[in-house]
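This report concerns only the one structure given below.
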Amino acid sequence: MTSNISGQRNAMRDWPLCRWLAHLEALHPVGIEMGLERVTRVLKALQLDLSDSRVITVAGTNGKGTTCAALAQAARFLELNVGVYSSPHLIDYRERVTINNAMLSEQDHCEAFLYVEQARGDISLTYFEFSTLAALYLFAKTKPDWILLEVGLGGRLDAVNIVDPELAIITTIGIDHIDWLGDNREDIGREKAGIMRTHVDTVLGDAEAPQSVLAYADEIKSTVYRQGIEFAFRVDGDSWSWRQQELELSGLPLPLIPVQNLSTALMALKRLGVEVNSEIAVNMCQHTSVPGRMQKIASSPDVICDVAHNPQASALLAKRLANSSPRRYFFVVGMLADKDIPSTLAPLFEFDACWLPASLDVPRGADCATLASHLVGQHVEGQFSSVTDAYQRARELAYPDEVIIVFGSFFTVAALVDSVN
Numbered sequence: 014m015t016s017n018i019s020g021q022r023n024a025m026r027d028w029p030l031c032r033w034l035a036h037l038e039a040l041h042p043v044g045i046e047m048g049l050e051r052v053t054r055v056l057k058a059l060q061l062d063l064s065d066s067r068v069i070t071v072a073g074t075n076g077k078g079t080t081c082a083a084l085a086q087a088a089r090f091l092e093l094n095v096g097v098y099s100s101p102h103l104i105d106y107r108e109r110v111t112i113n114n115a116m117l118s119e120q121d122h123c124e125a126f127l128y129v130e131q132a133r134g135d136i137s138l139t140y141f142e143f144s145t146l147a148a149l150y151l152f153a154k155t156k157p158d159w160i161l162l163e164v165g166l167g168g169r170l171d172a173v174n175i176v177d178p179e180l181a182i183i184t185t186i187g188i189d190h191i192d193w194l195g196d197n198r199e200d201i202g203r204e205k206a207g208i209m210r211t212h213v214d215t216v217l218g219d220a221e222a223p224q225s226v227l228a229y230a231d232e233i234k235s236t237v238y239r240q241g242i243e244f245a246f247r248v249d250g251d252s253w254s255w256r257q258q259e260l261e262l263s264g265l266p267l268p269l270i271p272v273q274n275l276s277t278a279l280m281a282l283k284r285l286g287v288e289v290n291s292e293i294a295v296n297m298c299q300h301t302s303v304p305g306r307m308q309k310i311a312s313s314p315d316v317i318c319d320v321a322h323n324p325q326a327s328a329l330l331a332k333r334l335a336n337s338s339p340r341r342y343f344f345v346v347g348m349l350a351d352k353d354i355p356s357t358l359a360p361l362f363e364f365d366a367c368w369l370p371a372s373l374d375v376p377r378g379a380d381c382a383t384l385a386s387h388l389v390g391q392h393v394e395g396q397f398s399s400v401t402d403a404y405q406r407a408r409e410l411a412y413p414d415e416v417i418i419v420f421g422s423f424f425t426v427a428a429l430v431d432s433v434n
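Below you can see the structure in the form of structure tokens.
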């Protein structure tokens, strides 16, 4: 048996990336299994050295990706090398691990997968656990100055939490992943607080953080820097300002990402010892963007895609759309069935809009009829078997001065971006 396994793993040296990804998907009996025991054992076997890098771990219901992107932009401005691990990807798996905003080669990922495969022995790993370990291998190999680790789900039991950070960031805390994290902000907050470490600073981007987060920080003696208290922002028309103690930056251009998340990133820079000033803040505002977050992909009519997939994210989407005034919106929506569909759709009911619900042909994907059942009282154009069909119909209907919004899931946005590229 041992020789057979050895022989199979030797053959894996020639596997292309697509075969490795199929292997990861089939390796574990369930897609999500919370807990750190298995992945910690494999990490020890890997014997990775990350001591040359400063590790920053980022958790939160929404805003993780944009906060990481803002910090990565700052690192490049400071001429530091920065590695980012994020998930999920939109089109290409290699989006999950970047060095200085560039994807690595397929061969780099195959090498990392083989290393993890050889180290795991007979320990079963989920797709996310395996990919997290592979990302850490790539960072140990490239040794960037900063490593930004985006939590996949929760925090306390997420695979990313096997690494001790130099700084913890919690962006926002909302209701999502109820089956895994709880159905209230106090329980969810406690799960996300699990990325905190004793005597390690925590930057908290949620101005209304649950008491569970603050209580845990006090328990383990992590100093917390809170949005709205230790630091704050204010939007004034087409500019904004940021303050922290005696420092105030004003007249900043509105960023391409939510101001709240850029504010959080600025505080994180302060805790990393960076001298924050207007020059670095303006650079972050002007150059930080994330695919799939308020991403404009076409004009006349404008087509904007956004991965908003929970009530907190859709409320933010609605707030941002309220600042513009097209004649009409067309909402192409596709969601996963285990999301809070009615609460996610509700913030967008305030707009004069035509709705085009679409089925998602992925595991856990909701069908168009289910989505339509939550759109009673709204103008629903029809029910569509795919995102691309719904989008094409929206294109047929929309005038040049109207706007098409495609949202509801990473899968929804990926389907659109893939179809137009």
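Each position in the sequence shown, counted from 1, maps to that position plus 13 in my numbering.
The beta-carbon is built from N, C-alpha and C at its ideal position, and this holds for glycine as well.
Rounded to a whole number of angstroms, what is the C-alpha to C-alpha distance between A125 and W28? 12 Å
How many angstroms separate the CA atom of G421 from the CA atom of W368? 12 Å
Given 7 Å as the limit, tell me if E394 has its C-beta closer than that to any heavy atom belonging to the ligand COA. Of ligands this structure carries none, so the ligand COA is not represented either.
Considering only the beta carbon of each residue, do I418 and F362 sit closer than 8 Å? no
Is it right to say Q258 is buried, meaning 16 or more other beta carbons lie within 10 angstroms of its own, or is it exposed? exposed
If you draw a straight line from the alpha carbon of D351 to that of V97, how long is it in whole angstroms? 28 Å
Is it buried or exposed, A321, if we count other Cβ atoms within 10 angstroms and call 16 or more buried? buried
Looking at H387: is its Cβ nearer than 8 Å to the Cβ of A366? no
May I ask you to report which of helix, strand or coil DSSP gives G378? strand
Look up T70 in the DSSP assignment and give the residues it is bridged to. L162 and A181
Restricting to Cα atoms, I'd like to know which of P101, I183, D121 and L59 is closest to V71. I183
Classify K154 as helix, strand or coil using the three-state DSSP reduction. helix
Restricting to Cα atoms, I'd like to know which of E119, L93, V95 and E92 is closest to D105. E119
Thinking just about the alpha-carbon of each residue, which of R26, A411, S356 and P268 is nearest to the one in R341? A411
Continuous alpha helix (DSSP H) assignments of at least 4 residues falling wholly in the stretch 352–406: 354–358 and 381–386
For R198, which option in L161, D374, G73 and H122 has the closest C-alpha, if you only look at C-alpha atoms? G73
Mark N75 as exposed unless 16 or more other C-beta atoms lie within 10 angstroms of its C-beta, in which case mark it buried. buried
Three-state class that DSSP yields for L170 in the structure shown: coil
Span of the beta strand (DSSP E), counted from its first residue to its last, around S263: L260 to P266
The beta strand (DSSP E) spanning G96 covers which residue range? V95 to Y98
Please look up how many angstroms separate the CB atoms of P271 and L329, rounded, as I've assumed it's under 8 Å. 6 Å
Where does A411 sit, in a helix, a strand or coil, going by DSSP? coil
Coil, strand or helix - D249 by DSSP: strand
Below 8 Å, can you find three or more Cβ-Cβ pairs linking the stretch 141–154 to the stretch 165–177? yes
G134: buried (16+ other C-beta within 10 angstroms of its C-beta) or exposed? exposed
Cβ pair A132, L59 closer than 8 Å: yes
Proximal residues to L267 (C-beta, below 8 Å), its chain only, five neighbours per side dropped: V248, D251, S252, W253 and C298
Kindly indicate which residue of I112, V68, T145 and T111 has the alpha-carbon position closest to the one of V55. T145
Range of the contiguous beta strand (DSSP E) that encloses R239: V237 to R239
Hey, L40 and S137: beta-carbon distance below 8 Å or not? yes
At which residues does the beta strand (DSSP E) containing V215 begin and terminate? According to the sequence provided, residue 215 is Thr. The question's Val does not apply to it. T215 to L217 is the span of the beta strand (DSSP E), which, as asked, contains T215.
Could you tell me the alpha carbon to alpha carbon distance between V416 and S372, rounded to whole angstroms? 21 Å
For the stretch 255–335, list the beta strand (DSSP E) runs that are entirely contained and at least 3 residues long, ordered along the chain. 260–266, 308–311 and 315–319
Among residues of its own chain, excluding the 5 on either side of Y229, which ones have a beta-carbon nearer than 7 Å to its beta-carbon? R203, A206 and M209
Proximity winner among N290, P370, A311 and G48, relative to L166 (alpha-carbon distances): G48
Does DSSP put M25 in a helix, in a strand, or in coil? helix
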